[in-house]
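*Asks:* Protein chains in written order, with the numbering used here: chain A, 39 to 150; chain B, 105 to 218.
Sharing a structure with you now.
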Amino acid sequence: QQQVKQSPQSLIVQKGGISIINCAYENTAFDYFPWYQQFPGKGPALLIAIRPDVSEKKEGRFTISFNKSAKQFSLHIMDSQPGDSATYFCAPWNQAGTALIFGKGTTLSVSS
Amino acid sequence: DAGVIQSPRHEVTEMGQEVTLRCKPISGHDYLFWYRQTMMRGLELLIYFNNNVPIDDSGMPEDRFSAKMPNASFSTLKIQPSEPRDSAVYFCASSLGARAGGYTFGSGTRLTVV
Chain A
39 QQQVKQSPQS
49 LIVQKGGISI
59 INCAYENTAF
69 DYFPWYQQFP
79 GKGPALLIAI
89 RPDVSEKKEG
99 RFTISFNKSA
109 KQFSLHIMDS
119 QPGDSATYFC
129 APWNQAGTAL
139 IFGKGTTLSV
149 SS
Chain B
105 DAGVIQSPRH
115 EVTEMGQEVT
125 LRCKPISGHD
135 YLFWYRQTMM
145 RGLELLIYFN
155 NNVPIDDSGM
165 PEDRFSAKMP
175 NASFSTLKIQ
185 PSEPRDSAVY
195 FCASSLGARA
205 GGYTFGSGTR
215 LTVV
């Protein structure tokens, strides 16, 4: 299941700072690129997703940047808040494929 | 809707015992997934069902693990016999159609095998 490499493994950011999490993939057949967010004691939940026909998608403080040629996509959290402290997973997907395969996750801590 | 419901929330068992984890998916969802989460291996897909039929069980670690979905509203994951290395959080998720953005996860079952 080593199709996805996520970095960094953990991240500490000051309140108000920018958090950046990266995901590199190998399978060029992936055609949907979601990020999931998981709080302690809860299951992951969809945060934001992008399709390969656009290079960037923004929803509030969260932005996905997509680089098809480099086979990478990243999550940017602007004005990071303590409530953003969670584990984030990328899970690139192929409509013709099977279930979601998740990256190893990035644990984000936003200090106040 | 109450979401995906898993039980129990916590399970502590002795090595060699049988463990059964339960999942009730969201009504109307036709896909059901079982994942296992550990610090070392992250979130691993174990098995998934479509319309109660197992589609891919290649992630099931070994024969000690089995999963069933007798109807659209219930699934079980059984470990027999359990071993300490099975200690993990087990998640069930369901979705309507094979849509990557449509997964709804339960809150998980934390299994500890001593």
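Every residue gets a Cβ at the ideal spot worked out from N, C-alpha and C, and that includes glycine.
Could you please tell me which residues of the segment 123-138 of chain A, in chain order, have their CB closer than 8 Å to any CB of chain B?
*Replies:* PHE127, ALA129, TRP131, GLN133, THR136, ALA137 and LEU138
*Asks:* Counting pairs of beta carbons, one from the segment 118-130 of chain B and one from the segment 179-198 of chain B, are three or more of them closer than 8 Å?
*Replies:* yes
*Asks:* When the cut-off is 8 Å and only beta carbons count, does LYS80/A lie next to chain B?
*Replies:* Along the first sequence, one-based indexing puts residue 80/A at 42. Closer than 8 Å to some Cβ of chain B, the Cβ of LYS80/A qualifies, so yes.
*Asks:* Threshold first: 3 residues or longer. Then list the beta strand (DSSP E) segments lying entirely within the segment 64-146 of chain A, N to C.
*Replies:* 71-76, 83-88, 94-97, 100-105, 110-115 and 124-128
*Asks:* Assuming SER211/B and PRO129/B make a contact with CB atoms under 8 Å, what is their CB distance in whole Å?
*Replies:* Position 107 of the second sequence, counted from the start, is the residue given in the question as residue 211/B. Position 25 of the second sequence, counted from the start, is the residue given in the question as residue 129/B. No, SER211/B and PRO129/B are not in contact; Cβ-Cβ is about 14 Å, not under 8 Å.
*Asks:* Of all Cβ atoms in chain A, is any one closer than 8 Å to the Cβ of LEU181/B?
*Replies:* Your numbering for residue 181/B matches position 77 in the second sequence. By this cut-off, LEU181/B is not an interface position.
*Asks:* Under the rule that 16 or more other beta-carbon atoms within 10 Å means buried, what is ALA106/B, buried or exposed?
*Replies:* The residue you call residue 106/B lines up with position 2 of the second sequence. Exposed, by the Cβ-count rule.
*Asks:* Pull up the distance between the alpha-carbon of CYS196/B and that of PHE209/B, whole angstroms please.
*Replies:* Working through the second sequence from its first residue, we reach residue 196/B at position 92. Working through the second sequence from its first residue, we reach residue 209/B at position 105. Those two C-alpha atoms are separated by around 6 Å.
*Asks:* Which partner residues does TYR139/B have in the DSSP bridge list?
*Replies:* Residue mapping note: residue 139/B aligns to position 35 of the second sequence, counting from 1. Answer by DSSP bridge pairing, in chain order: LEU149/B and PHE195/B.
*Asks:* Could you confirm whether any beta carbon from chain A is found closer than 8 Å to the beta carbon of ALA176/B?
*Replies:* Position 72 of the second sequence, counted from the start, is the residue given in the question as residue 176/B. By this cut-off, ALA176/B is not an interface position.
*Asks:* Less than 8 Å between the beta carbons of SER123/A and LYS53/A, yes or no?
*Replies:* Working through the first sequence from its first residue, we reach residue 123/A at position 85. Working through the first sequence from its first residue, we reach residue 53/A at position 15. No, Cβ-Cβ distance for SER123/A and LYS53/A is not below 8 Å.
*Asks:* Quick one: does the C-beta of TYR139/B sit closer than 7 Å to a heavy atom of the ligand MG?
*Replies:* With respect to the ligand MG, the structure offers nothing, as it holds no ligand at all.
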